[in-house]
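Start counting the sequence shown at 1; every next residue gets the next number (UniProt numbering). Quick reminder that beta carbons are idealized off the backbone N, C-alpha and C, glycines included.
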Amino acid sequence: VMSREKSSKKKFYCKAKTDVTIYDFANSTKDEKKRVPTKATAWTIDDVLHDINVDFDSKFKSLAEVQKEIKTKARRSRKSKQSNVNVGCDETDVHLYNDYSIDIWHKISEYIRPEDVGVFSLICRKTYQVVCSAIFWRNLYKRHYDNSVVIPKNLQINNIKQNQGLRSKVIRSLFYFYQPFVERGLFLKDIHCVTNKLCLTMWYRQEKEMFLFCFKFKPKESKIARMKNKNSVYTNPEEGCQLLVIRTEKFRMLPPYYSGDLYLKSLNYTLSQGFTHYKITLNLANYSKHIAEPLIFDPIRNCKVIDWWCPEYYNEISK
Numbered sequence: 001v002m003s004r005e006k007s008s009k010k011k012f013y014c015k016a017k018t019d020v021t022i023y024d025f026a027n028s029t030k031d032e033k034k035r036v037p038t039k040a041t042a043w044t045i046d047d048v049l050h051d052i053n054v055d056f057d058s059k060f061k062s063l064a065e066v067q068k069e070i071k072t073k074a075r076r077s078r079k080s081k082q083s084n085v086n087v088g089c090d091e092t093d094v095h096l097y098n099d100y101s102i103d104i105w106h107k108i109s110e111y112i113r114p115e116d117v118g119v120f121s122l123i124c125r126k127t128y129q130v131v132c133s134a135i136f137w138r139n140l141y142k143r144h145y146d147n148s149v150v151i152p153k154n155l156q157i158n159n160i161k162q163n164q165g166l167r168s169k170v171i172r173s174l175f176y177f178y179q180p181f182v183e184r185g186l187f188l189k190d191i192h193c194v195t196n197k198l199c200l201t202m203w204y205r206q207e208k209e210m211f212l213f214c215f216k217f218k219p220k221e222s223k224i225a226r227m228k229n230k231n232s233v234y235t236n237p238e239e240g241c242q243l244l245v246i247r248t249e250k251f252r253m254l255p256p257y258y259s260g261d262l263y264l265k266s267l268n269y270t271l272s273q274g275f276t277h278y279k280i281t282l283n284l285a286n287y288s289k290h291i292a293e294p295l296i297f298d299p300i301r302n303c304k305v306i307d308w309w310c311p312e313y314y315n316e317i318s319k
């Protein structure tokens, strides 16, 4: 007895063989063969469709229509992704990138103003490489050089030929030549900017009836600053240094232990007791949070902070 599964398979096989009837084969429009083949004829799909006259064009889409529909769907999905990523952006915002040669950036750098050097270096990696090169700083110096201005010997044009410390020399020279920088040096800086910086050294000197106290501060050096200092063009031992200059009529002895690693934790600039003068209180401390004895200067005539690039900075150090 044959199982149901086997009998169903046999029936399916028989039905498959009788899809094309003898009547369809006998009345076919094709010409009769001269010799009756002894083997079964290999029927093609086109032959069968032609004989049974099935109109597939009315039921299925053509290949061109399918391809066109796929392209439109892909275009819509691409636009939806861009709209999801760039939410709030204009439709006309198209990002185009051009990789220009470094020679072009060197040519453009010849027209950059000194105050725009930082912005120019942030455009791309190649502009940063241009700013780090010696030829950039040398050209910047030559563009603004003025024979009529008296400058120190180490900043004269003969000493600019060396790459060692070229950047710092050019920046210092611009505060002699370049008028916007000369005017900028006249403005007083906020004295609280030296807070939380390392006190490298301190000294005093007497000027007629006045006493001048100088404190040299420097911020904690970062890894990026150390990497830049390895470049001979960027070498500058005074990078980031500032001078706090206090002018007073009364002498104040500086204790010897202040020559250690002390940081300025706070600076108080207030009115003195008589409300006629100002006084300054400096609170210094080391890494162990040990606060040293406060330095109080009362009364004072004036107080100011001088950056390393100002001409007055080196005048105070050399005295």
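Roughly how many whole angstroms lie between the Cα atoms of residue i and residue j?
i, j, result
"L188", "L243", "13 Å"
"K208", "D116", "43 Å"
"T201", "I157", "32 Å"
"Y111", "E239", "26 Å"
"C303", "D99", "50 Å"
"D307", "K216", "10 Å"
"W309", "L174", "9 Å"
"F60", "I123", "Its pLDDT being 48, under 50, F60 is placed unreliably in this model, and the coordinates cannot settle the point."
"K161", "F275", "54 Å"
"D190", "V245", "12 Å"
"Y234", "L186", "26 Å"
"T270", "S148", "43 Å"
"P294", "C193", "18 Å"
"F181", "C241", "18 Å"
"N315", "F251", "22 Å"
"V150", "Y128", "32 Å"
"N27", "E65", "36 Å"
"S133", "E249", "48 Å"
"P152", "P311", "9 Å"
"L254", "I317", "18 Å"
By Cβ distance below 7 Å, which residues in the same chain neighbour residue i in space, the five residues on each side in sequence not counted?
i, result
"I296", "K279, T281"
"W203", "C214"
"Y313", "L243, I306, D307"
"Y145", "I157, F177"
"Y141", "I160, V170, S173"
According to DSSP, simplified to helix, strand and coil, what is residue i?
i, result
"Y263", "strand"
"N27", "coil"
"V245", "strand"
"R205", "strand"
"C193", "helix"
"N98", "coil"
"N315", "helix"
"L200", "strand"
"N147", "coil"
"L122", "coil"
"L155", "helix"
"Y269", "strand"
"Q162", "coil"
"Y234", "helix"
"K250", "coil"
"I112", "coil"
"E65", "helix"
First and last residue of the beta strand (DSSP E) that includes residue i?
i, result
"P299", "295-307"
"N283", "278-285"
"L212", "210-218"
Do the CB positions of residue i and residue j come within less than 8 Å of each other?
i, j, result
"K319", "R172", "no"
"N163", "S232", "yes"
"S168", "N268", "no"
"L166", "R138", "yes"
Starting from residue i and walking both ways along the alpha helix (DSSP H), at which residues does that stretch end?
i, result
"E239", "It is not in any alpha helix (DSSP H) - E239 carries neither H nor E in the DSSP assignment."
"F136", "134-143"
"Y176", "166-177"
Once you ignore the five residues that flank residue i on each side, which residues in its own chain have a CB closer than 6 Å to its CB?
i, result
"K220", "none"
"L198", "K218, Y263"
"R247", "M210, L212, R301, N302"
"K126", "I102, W105"
"P114", "L174, Y178"
Identify, in the order they occur along the chain, each residue of the same chain with its Cβ nearer than 8 Å to the Cβ of residue i, setting aside the five sequence neighbours on each side.
i, result
"S272", "Y278, K279, D298, P299"
"K265", "T195, N196, N283, L284, A285, I291"
"R143", "E110"
"V131", "S109, V117, F120, S121"
"F136", "H106, S109, V130"
"T72", "none"
Could you check whether the Cβ of residue i sits closer than 8 Å to any Cβ belonging to chain D?
i, result
"Q179", "In the structure shown, chain D cannot be found, because there is only a single protein chain."
Please confirm whether any heavy atom of the ligand PLP lies closer than 7 Å to the CB of residue i.
i, result
"N236", "Annotation note on the ligand PLP: not contained in the displayed structure, which lists no ligands."
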